[in-house]
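J.: Residue numbers (the numbering used here), protein chains in the order written: chain A, 7 to 338; chain Y, 3 to 307; chain B, 20 to 324.
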Amino acid sequence: MSAVPQPNPAEPVLEVENLSVDIATPRGPLRAVREVSFQVKRGETLCIVGESGCGKSITSLAVMSLLPAAAKRRAKKLSLLGEDLLKASGKRVNELRGNRMAMIFQEPMTALNPAYTIGNQLTESYLLHRGGGQAKARERAIELLGKVGIASAAERLAQYPHQLSGGLRQRVMIAMALMCGPELLIADEPSTALDVTIQAQILRLLADLQKDLGIAMVLITHDLGVVARIAHRVAVMYAGEIVEEGTAERVFASPRHPYTRGLISCIPVPGRTERGGRLGTIAGVVPHLVGDIRGCSFRERCAYARPECSANAPLRSRGEHRWLCVHEELPA
Amino acid sequence: MSSSTGTMSAAAAAVEPGGPAVAAPGFWRRVWRNKAVVVGFGLLLLVVVMALFAPWIAPYDPYAQDLANRTVPPFWYDGGSWAHPLGTDPLGRDYLSRLFYGARISLLIGVAVAIISGLIGTTMGMLAGYFGGKTDMAVSFMVTTRLSMPVILVALATVALIGGSLWVVIMVLGLLKWDRFAVVMRSATQQVRSLDYVAAAQAAGASTPRVLLGEVLPNVAPHLIVVATLEAASAILLEAALSFLGLGVQPPLPSWGLMISEAKSYMFFSFWLIAIPGGALALLIFAINLAGDGLRDLLAPEGRA
Amino acid sequence: MGGYILKRLGLAVAVALAVSMIAFLLLRLSGDPAIAIAGEGARQADIELIRKTYGFDRPLPIQYVDWLGKTLRGDLGESIYFKTPAAPLIFAKLGTTMLLGLLSLAFALAVSIPLGVLAAVYRNSWIDRLCLALAVLGQALPNFFFALLLIMLFSISLRWLPVSGSDTWQHFVMPTIALGYYAAPAFMRLIRAGMIEVLEADYIRTARAKGLPASQVIFKHALRNAVVPVVALAAVQLGFLLGGSVVIETIFALDGLGYLAYQSITYKDFPVMQNIVLLLSVIYVVLTLASDVANAWLDPRIRVA
Numbered sequence: 007m008s009a010v011p012q013p014n015p016a017e018p019v020l021e022v023e024n025l026s027v028d029i030a031t032p033r034g035p036l037r038a039v040r041e042v043s044f045q046v047k048r049g050e051t052l053c054i055v056g057e058s059g060c061g062k063s064i065t066s067l068a069v070m071s072l073l074p075a076a077a078k079r080r081a082k083k084l085s086l087l088g089e090d091l092l093k094a095s096g097k098r099v100n101e102l103r104g105n106r107m108a109m110i111f112q113e114p115m116t117a118l119n120p121a122y123t124i125g126n127q128l129t130e131s132y133l134l135h136r137g138g139g140q141a142k143a144r145e146r147a148i149e150l151l152g153k154v155g156i157a158s159a160a161e162r163l164a165q166y167p168h169q170l171s172g173g174l175r176q177r178v179m180i181a182m183a184l185m186c187g188p189e190l191l192i193a194d195e196p197s198t199a200l201d202v203t204i205q206a207q208i209l210r211l212l213a214d215l216q217k218d219l220g221i222a223m224v225l226i227t228h229d230l231g232v233v234a235r236i237a238h239r240v241a242v243m244y245a246g247e248i249v250e251e252g253t254a255e256r257v258f259a260s261p262r263h264p265y266t267r268g269l270i271s272c273i274p275v276p277g278r279t280e281r282g283g284r285l286g287t288i289a290g291v292v293p294h295l296v297g298d299i300r301g302c303s304f305r306e307r308c309a310y311a312r313p314e315c316s317a318n319a320p321l322r323s324r325g326e327h328r329w330l331c332v333h334e335e336l337p338a
Numbered sequence: 003m004s005s006s007t008g009t010m011s012a013a014a015a016a017v018e019p020g021g022p023a024v025a026a027p028g029f030w031r032r033v034w035r036n037k038a039v040v041v042g043f044g045l046l047l048l049v050v051v052m053a054l055f056a057p058w059i060a061p062y063d064p065y066a067q068d069l070a071n072r073t074v075p076p077f078w079y080d081g082g083s084w085a086h087p088l089g090t091d092p093l094g095r096d097y098l099s100r101l102f103y104g105a106r107i108s109l110l111i112g113v114a115v116a117i118i119s120g121l122i123g124t125t126m127g128m129l130a131g132y133f134g135g136k137t138d139m140a141v142s143f144m145v146t147t148r149l150s151m152p153v154i155l156v157a158l159a160t161v162a163l164i165g166g167s168l169w170v171v172i173m174v175l176g177l178l179k180w181d182r183f184a185v186v187m188r189s190a191t192q193q194v195r196s197l198d199y200v201a202a203a204q205a206a207g208a209s210t211p212r213v214l215l216g217e218v219l220p221n222v223a224p225h226l227i228v229v230a231t232l233e234a235a236s237a238i239l240l241e242a243a244l245s246f247l248g249l250g251v252q253p254p255l256p257s258w259g260l261m262i263s264e265a266k267s268y269m270f271f272s273f274w275l276i277a278i279p280g281g282a283l284a285l286l287i288f289a290i291n292l293a294g295d296g297l298r299d300l301l302a303p304e305g306r307a
Numbered sequence: 020m021g022g023y024i025l026k027r028l029g030l031a032v033a034v035a036l037a038v039s040m041i042a043f044l045l046l047r048l049s050g051d052p053a054i055a056i057a058g059e060g061a062r063q064a065d066i067e068l069i070r071k072t073y074g075f076d077r078p079l080p081i082q083y084v085d086w087l088g089k090t091l092r093g094d095l096g097e098s099i100y101f102k103t104p105a106a107p108l109i110f111a112k113l114g115t116t117m118l119l120g121l122l123s124l125a126f127a128l129a130v131s132i133p134l135g136v137l138a139a140v141y142r143n144s145w146i147d148r149l150c151l152a153l154a155v156l157g158q159a160l161p162n163f164f165f166a167l168l169l170i171m172l173f174s175i176s177l178r179w180l181p182v183s184g185s186d187t188w189q190h191f192v193m194p195t196i197a198l199g200y201y202a203a204p205a206f207m208r209l210i211r212a213g214m215i216e217v218l219e220a221d222y223i224r225t226a227r228a229k230g231l232p233a234s235q236v237i238f239k240h241a242l243r244n245a246v247v248p249v250v251a252l253a254a255v256q257l258g259f260l261l262g263g264s265v266v267i268e269t270i271f272a273l274d275g276l277g278y279l280a281y282q283s284i285t286y287k288d289f290p291v292m293q294n295i296v297l298l299l300s301v302i303y304v305v306l307t308l309a310s311d312v313a314n315a316w317l318d319p320r321i322r323v324a
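#1: CA-CA distance, A130 (chain Y) and V51 (chain Y)?
#2: Since K83 (chain A) sits in a beta bridge, which residues does DSSP pair it with?
#3: Does DSSP put W179 (chain B) in a helix, in a strand, or in coil?
#4: Hey, S272 (chain Y) and G259 (chain Y) are a contact pair by Cβ (cut 8 Å); roughly how many whole angstroms apart?
#5: Check whether the stretch 205-218 of chain B touches the stretch 121-133 of chain B, counting contact only when three or more Cβ pairs, one atom from each stretch, lie closer than 8 Å.
#6: Any idea what DSSP makes of R142 (chain B), helix, strand or coil?
#7: Which term fits S144 (chain B), buried or exposed, when burial requires 16 or more other beta carbons within 10 angstroms of its beta carbon?
#8: Can you give the beta carbon distance from R188 (chain Y) to G127 (chain Y), rounded, assuming they're within the 8 Å contact cut?
#9: Going along the stretch 120-144 of chain A in order, which residues come within less than 9 Å of chain B, judged by CB to CB distance?
#10: Any Cβ of chain B within less than 7 Å of the Cβ of G280 (chain Y)?
#11: Grab me the residues of S123 (chain B)'s own chain with a C-beta within less than 6 Å of its C-beta, minus the 5 sequence neighbours each way, in chain order.
#12: Are the C-beta atoms of A162 (chain Y) and some chain B residue less than 7 Å apart?
#13: Are D63 (chain Y) and G94 (chain Y) close, meaning C-beta to C-beta below 7 Å?
#14: Using 7 Å as the limit for Cβ to Cβ distance, is A228 (chain B) near chain A?
#15: Just checking my contact of L211 (chain A) with I180 (chain A) at CB under 8 Å: how many whole Å lie between their CB atoms?
#16: Per DSSP, S83 (chain Y) is paired with what?
#17: Note down the Cα distance separating L25 (chain B) from A251 (chain B), rounded to an integer number of angstroms.
#18: Run through DSSP, which three-state label would F102 (chain Y) get?
#19: By the 10 Å Cβ neighbour count, where 16 or more other Cβ atoms means buried, how is M107 (chain A) classified, buried or exposed?
#20: Reducing DSSP to helix, strand and coil, say where A157 (chain A) ends up.
#21: Which residues in chain Y sit within 9 Å of M171 (chain B), going by Cβ to Cβ distance?
#22: May I ask you to report which of helix, strand or coil DSSP gives F44 (chain A)?
#23: Can you pull the chain B residues whose beta carbon is under 9 Å from the beta carbon of M151 (chain Y), in chain order?
#24: Are any of the Cβ atoms in chain B nearer than 7 Å to that of V324 (chain A)?
#25: Can you give me, in chain order, the residues of the stretch 207-235 of chain B that have a beta carbon less than 9 Å from any beta carbon in chain A?
#26: Which chain A residues are close to R320 (chain B), counting only those with a beta carbon under 7 Å from its beta carbon?
#27: How should F270 (chain Y) be labelled, buried or exposed, when 16 other C-beta atoms within 10 angstroms of its C-beta is the threshold for buried?
#28: Can you check whether the C-beta of L167 (chain B) is within less than 7 Å of a C-beta belonging to chain Y?
#29: Compute the Euclidean distance between the alpha carbons of G175 (chain Y) and S119 (chain Y), then round it to the nearest angstrom.
#30: Taking only three categories from DSSP, how would you classify L102 (chain A)?
#31: Go ahead and label R106 (chain Y) buried or exposed: buried means 16 or more other beta carbons lie within 10 angstroms of its beta carbon, across all protein chains shown.
#32: For A202 (chain Y), collect the residues of the same chain with a Cβ closer than 8 Å to its Cβ; drop the 5 residues on either side in sequence, then sort them by chain order.
#33: Starting from the N-terminal side, write out each stretch of the alpha helix (DSSP H) that is 4 residues or longer and does not extend beyond the stretch 147-202 of chain Y.
#34: When the cut-off is 7 Å and only beta carbons count, does I154 (chain Y) lie next to chain B?
#35: Got a sec: is the Cβ-Cβ distance from L72 (chain A) to anything in chain B below 7 Å?
#36: Between which residues of its own chain and C308 (chain A) is the CB-CB distance below 6 Å, once the five residues before and five after are set aside?
Printed below as a string of structure tokens:
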């Protein structure tokens, strides 16, 4: 059983400092995540947003110690509730996973084992981490299924994953993650694989649960609309780095990094975007991240690029709002 | 055909059309790097050489009995000598020579049975895969029926009824062991049938045999070769078992299985009498299986587990 | 799932009938059965009498139907050699062979499942390569040779186990190993392949994210899904084991169906021979049916459709 001191509300639940992940490839190490740092506090939602391949999913896997064998992780600091995850033994990590920190994934269709019932899979982690008996675990499972909005929870326990729709399965995944009352929930694109209407429901559910349970949440997405809906704070990732970070309001109101600007301008806004007008795009492709990388990784696609960009992209900050750019302020 | 029947689905799921892998650049380099193929074919070559050149390299006539020199041990034992490097059997026949000639029999069995069963099975499989429908149902039914019969029992019974000899064994095994050819060729053909150049050949008015032989066959050939090696090995083992039981090749032919049978009463005192042909059999099968596995990696890697 | 079972059942019956036809015709291979029964140098009048008594003068289809009718009613004719009714003789020995078959299967699984899981979990490491090497070696060893080696070691050198007979459990140890080892490589490869595939699945990542210990992830979550094709193969392999018991039972003089088959073949005891082939084939058909049903049941997607 994990003996964890009561969390100090002021202390961050998750602290990540200079996290890097290298993936071994025949052509040299792929620098998938580069010196990423962030924090999440209780009751706070941090959205990590970026396009495919920017390293956001790998970041979350690194936090959970679920990286594939070919990936190597290093960090200056990685701690959950003050406990150092870098030094933790495999056994300790298992004690924390599903217990103090939980994760839900993108594809609800394949994330559940088709051979066992929902009830079996729900109670599994509870029985492991909390002990007690089947009866207590069942009770808890029914309680949580209710919390995630699944009616007739008792019947559902005996059903198999293939008997549920995608939206229901994702709700079950959320319930499963919350079984042991974790302080941190990482959600990797939880609504992407679902219908648009269901997407909104799931996001709403996550927001409600957070208010209710006070958990710290890291939500990974490529969709700025999701960010707008649910995030307290945003971290924009590009090519393995966090290029801008701050409260959702600040970042949306005055994006400082050219990439963030580009992303936001890509969102069509009724009233502002002209009918029949062109949707904003960011020209170019994500750079290869193999071998040594110098300078700002966005410079090839940046409308404001300057010669200095190939040397360095310094960290700038204004209060809690931070970004990596040569420019202190972008022209309007 | 049930999609859950082990054999059918396992083979069906594993097959994809080739596009002759031989044509891919760097093929021969991949061959040399594939240890299984190199070792397997190397050993196999050794046995083939033994068999082919037996009349010239065998020191004695394998049938010549020398009752004055019965059960002489091989040269590394006391009482052995280089006159008979691998010793002699209870009738004084030189074991080394019998080993070489035995290789001929095993290889002949393997090749002949593979050819016969290969012809039967491939024809059935290709027809079933190409035409589908009733043809497919009929072939599948025949395969299921054949799979339901215990091969060794039927072979034993048949040989007992007709009389045992090398050619009877070859015919019986050839007529029984076509099932895997049929299953694999059927799947392979099904995959290939839907490819563009087959449709092109059909559109150009090519007759069915022409399409089958000209377009389909070259593409399913890799799978055919892999199955053939495995079936050859299996046939060699079966013949050895049949001969061991006395219902295969008849004495005085030096079939390795028969040699083991003839020696089993002496095995405690003269262990080499069974160890040498037994080891030779194991080595040959090992070589063929290794080569077959390696071939599969090279030619039809999707078929690999 | 009911409809699925019915279809499989229908196919099974059809195959069983086809097999019975083949078993029936098998006998006619040796030429005139009347002569075979009468024996060498019998008088023409005697042969004619036998022909009339056994009804060999009637058209073949009628003979078949008549024979099938008798067989289904349990009248399997009389053993020419033992001079007793064939049915009780055959069924008395069936138990021993079934026991041997099941023990061998259990042995094969007990060896192959741990090795297959190990090989998959430590994929491409030396453990994996060792397991695969063992598999290839296992399949290269002829079973009768291996049986003799076992006898040399355990009976003659160590004197731990008896050589022949079937009275005590010790009599079953070596036959079980000698029969079962050959099936192990196929299972091992299947488990390894299945585990490798399953371990990549999303739900395994979910299980790990829940903090489940490695043993639970591998054995509860992964193996449960990887084992499904093994069940199908197990039924198929059991059929092969039953058929292949001829050689092993004969070597160890284990008093089962295989040994009886060998004796009946040697003594040209047709009714017994024919019926053993038929019985084993029907058992095989039943096993295949059972495996299909088990397969369907193991996949909740089919069971709770």
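For each residue, glycine too, the CB sits at the ideal point set by N, CA and C.
T.: To lay it out plainly:
#1: 39 Å
#2: A:E23
#3: coil
#4: Their Cβ separation, rounded to whole angstroms, is 18 Å, which puts S272 (chain Y) and G259 (chain Y) out of contact at 8 Å.
#5: yes
#6: coil
#7: Result: exposed.
#8: 4 Å
#9: P120, A121, Y122, T123, Q127, E130, S131, L134 and H135
#10: Yes, its Cβ sits closer than 7 Å to a Cβ of chain B.
#11: T195, L198, G199 and L260
#12: yes
#13: no
#14: With 7 Å as the cut-off, A228 (chain B) counts as an interface residue toward chain A.
#15: 7 Å
#16: Y:H86
#17: 18 Å
#18: helix
#19: buried
#20: coil
#21: Simply M269, F270, F273 and I276.
#22: When DSSP states are grouped into helix, strand and coil, F44 (chain A) belongs to the strand group.
#23: Chain B residues near M151 (chain Y): V38, I41, A42, G262, V296, L299, S300 and Y303.
#24: Sequence check: residue 324 (chain A) is Arg here, not Val. Interface criterion not met: the Cβ of R324 (chain A) is under 7 Å from no Cβ in chain B.
#25: A220, D221, Y222, I223, R224, T225, A226, R227, A228, K229, G230, L231, P232, A233 and Q235
#26: P120 and H168
#27: exposed
#28: Interface criterion met: the Cβ of L167 (chain B) is under 7 Å from a Cβ in chain Y.
#29: Here the sequence assigns Leu to residue 175 (chain Y), which means Gly is not the residue at that position. One C-alpha to the other measures close to 8 Å.
#30: It is helical.
#31: It counts as buried.
#32: none
#33: 153-164, 168-178 and 181-195
#34: yes
#35: yes
#36: P264
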